[in-house]
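Asker:
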Amino acid sequence: MRRKLGGALLSALLSACGGSAPPANAPSSGSPEDGQGAEPAGYQQPGQFQQQGYPTPVGGSTSTGGFAEPPADALGPTLRTVEEAETALSNAATELDSAGDDCTTACKALASMRRSSQRICELNGPDDPDQRCKQAEERVEAAEKRVQDRCACTR
442 MRRKLGGALL SALLSACGGS APPANAPSSG SPEDGQGAEP AGYQQPGQFQ QQGYPTPVGG
502 STSTGGFAEP PADALGPTLR TVEEAETALS NAATELDSAG DDCTTACKAL ASMRRSSQRI
562 CELNGPDDPD QRCKQAEERV EAAEKRVQDR CACTR
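Heads up: the sequence shown is residues 442 to 596, going by our numbering.
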């Protein structure tokens with residue numbers, strides 16, 4: 442009985458694994474030679490299509506490396522004069538003084554002071570004729586010592 446059942450199961454399995462019927466060819470209303478119905482409407486052979494690219498950026502691209510430019514005011518407005526940078530440094534120092542025990546505000550103010558000091562040094566030039574860069578760096582150094590005692594700011 443088991444042999445008959447096993448044989449029947451084996452033959453059913455083998456007949457189910459047989460190949461499927463070959464696909465039917467799509468009907469064609471014409472031949473490729475006469476140009477009638479050779480290809481579906483809008484179809485083009487590979488290599489015959491025109492690849493669409495990205496449009497040219499308006500005003501041209503000034504970036505290098507293929508990366509996006511950061512927003513213009515990502516870290517605040519660009520300080521254009523030494524006086525603007527000194528004002529920003531003083532404002533950040535005032536904010537630092539009023540921060541009290543709020544380390545988040547103190548660290549942000551200290552970071553702002555560092556950026557302002559760096560900008561003063563950039564604008565004043567390498568010779569630092571009126572010692573503005575040196576004075577700004579000294580203010581930042583003193584502020585760092587005050588904040589370091591109570592907060593762990595990262596650079």
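Positions of the beta carbon are idealized from the N, C-alpha and C atoms, including for glycine.
Expressed to the nearest angstrom, what Euclidean distance is found between the alpha-carbon atoms of S531 and D571?
Answerer: So the alpha carbons of these two residues sit roughly 18 Å apart.
Asker: If you reduce the DSSP assignment to three classes, tell me which class D538 lands in.
Answerer: Note: D538 maps to helix in three-state DSSP.
Asker: What span of residues does the alpha helix (DSSP H) with C548 cover, start to end?
Answerer: Segment 544–565, the alpha helix (DSSP H) holding C548.
Asker: May I have the straight-line CA-CA distance separating K575 from A583, to the nearest angstrom?
Answerer: If you take the alpha carbons of K575 and A583, they lie about 12 Å apart.
Asker: My output table needs one value for R580: the three-state DSSP class, helix, strand or coil.
Answerer: Note: R580 maps to helix in three-state DSSP.
Asker: From the DSSP output, in three-state form, read off Q572 for me.
Answerer: Residue state, collapsed to three classes: coil.
Asker: Starting from the Cα of E524, find the closest Cα among C548, D542, L551, E563 and give me that residue.
Answerer: Out of C548, D542, L551, E563, E563 has the C-alpha closest to the C-alpha of E524.
Asker: So for R587, helix, strand or coil by DSSP?
Answerer: Three-state DSSP puts R587 in a helix.
Asker: Looking only at its chain, what residues have a beta carbon closer than 8 Å to the beta carbon of A540, apart from the 5 residues adjacent to it on each side?
Answerer: Result list for A540: T546, A547, A550, in chain order.
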